[in-house]
Amino acid sequence: MTKIPKRILFTRSLNSEQVEFGTKLNCLIDHHTFIRIDLCQLDQKTIDIINSGDYPNWIFTSQNAVRSLAQIKSDIQFNQVKKCFAVGEKTADMLKEIGLSAEIPQRHNAEALSHLLEDYSAESFLYFTGNLRQDTLINFFEEREIPYKEIKVYETHLIQPEIDLDIYDAICFCSPSAVHSFFKNYQLKNNQPCFAIGYTTAAALVDYSDNVMLADQTNVYALIQTCNQYLNS
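For what it's worth, the numbering used here labels the leading residue of the sequence shown as 14, then goes sequentially.
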């Protein structure tokens with residue numbers, strides 16, 4: 014007897030290969046964007062700060078921060094970077110594309126990164142952020158009086174598309190911002206399970222739901238697999 018496919022809502026856009034991957038697992042995936050990212054245009058003063066060498070250790074907690082810097086890579090003096098840190102393998106891979114090698118914490122979140130940075134408390138840091146960044150690393154620097162400079166390189170805007178939530182068996186989230194944007198306008202029906210791509214997203218979800226699952230790895234395919242295992246087991 015053929016199983017009825019499970020319907021899954023992704024709160025970010027997916028490509029056709031990712032949607033097809035879900036279809037092969039008997040999961041029908043709809044995807045709607047709940048956030049919009051705008052990359053900042055950095056002025057010359059900011060570029061001069063980046064190139065000053067005063068903060069030779071660079072931190073990226075988002076792929077969007079790397080995309081923003083990549084826009085002006087011809088203006089950046091990468092040879093003065095002493096060490097680079099990234100949250101997540103995808104972010105580290107993007108940094109490689111612009112010539113930077115990054116160290117990654119075992120858990121892909123800012124708290125785990127702060128533990129890693131304890132070994133570098135005598136250093137100074139340049140932290141590339143967005144407008145909705147969490148306070149975890151800022152608090153870490155302030156409490157330990159570690160020199161740092163924060164550079165805002167992208168902005169996240171919350172948007173709420175119109176959807177019929179009743180038709181979905183599960184909802185998948187790939188960022189804390191998407192979590193906050195979703196629950197700004199929607200409430201879960203019948204305690205639908207929520208799936209998170211990583212620890213930071215899961216931590217945001219537990220403020221809204223007690224039925225939260227975490228993907229085995231921090232990528233979309235692993236998230237779809239985790240969702241499938243739960244729904245079709």
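Just so you know, even glycine gets a beta-carbon here, dropped at the ideal spot from N, CA and C.
Item to check | Lys-197 in three-state terms, based on DSSP | outcome: If DSSP states are grouped into helix, strand and coil, Lys-197 belongs with the helices.
Checklist entry - Near Arg-157, what residues of its chain come up, given a Cβ to Cβ distance below 7 Å and the 5 sequence neighbours on each side ignored? => result Only Ser-134 meet the Cβ criterion.
Item to check | Best match in Leu-150, Ala-78, Gln-93, Tyr-243 for proximity to Asn-64 [C-alpha to C-alpha] | outcome: That would be Gln-93, whose Cα lies nearest to the Cα of Asn-64.
Item to check | Beta-carbon proximity of Gln-205 to Tyr-181, cut-off 8 Å | outcome: Taking 8 Å as the Cβ cut-off, Gln-205 and Tyr-181 qualify as a contacting pair.
Checklist entry - Nearest CA to the CA of Asn-13: which residue from Lys-165, Asn-241, Phe-208, Thr-213? => result Residue 13 lies beyond the residue range present for the chain, which begins at 14 and ends at 246; the question has no answer from this structure.
Checklist entry - What residue from Ala-125, Leu-244, Gln-238, Tyr-243 has the CA that sits closest to Gly-35's CA? => result Selected option, being the one with the closest Cα: Gln-238.
Item to check | Simplified DSSP state of Lys-202, which is helix, strand or coil | outcome: Three-state result, Lys-202: coil.
Checklist entry - Are at least three pairs of beta-carbons, each pair with one atom in the stretch 85-102 and one in the stretch 110-118, less than 8 Å apart? => result With three or more CB-CB distances shorter than 8 Å, the stretch 85-102 counts as touching the stretch 110-118.
Next on the checklist: Tell me the rounded alpha-carbon separation between Pro-18 and Leu-201.
Outcome noted: Computed Cα separation, rounded: 20 Å.
Next on the checklist: Measuring CB atoms only, is the stretch 185-193 touching the stretch 204-219, in the sense that at least three cross pairs come out at less than 8 Å?
Outcome noted: Put simply, the stretch 185-193 touches the stretch 204-219. At least three CB pairs are less than 8 Å apart.
Checklist entry - Considering only residues of the same chain and omitting the five flanking positions on each side of Leu-178, which have a CB-CB separation below 7 Å? => result So the list reads Tyr-199, Lys-202, once near-sequence residues are dropped.
Item to check | Residue span of the alpha helix (DSSP H) that contains Ala-235, given as start and end | outcome: Counting along the chain, Ala-235 sits inside the alpha helix (DSSP H) bounded by residues 233-244.
Item to check | Proximity of Tyr-167 and Asp-51 at Cβ, strictly below 8 Å | outcome: Remark: C-beta atoms of Tyr-167 and Asp-51 approach each other more closely than 8 Å.
Item to check | For Ile-21, the residue or residues it bridges with in DSSP | outcome: Beta-bridge pairing links Ile-21 to Ile-42, Ala-183.
Checklist entry - Measuring CB to CB, does Thr-149 end up less than 8 Å from Ala-123? => result Going by beta carbons, Thr-149 and Ala-123 fall inside the 8 Å limit.
Item to check | Coil, strand or helix - His-121 by DSSP | outcome: His-121 sits in coil when the DSSP states are folded into three classes, being neither helix nor strand.
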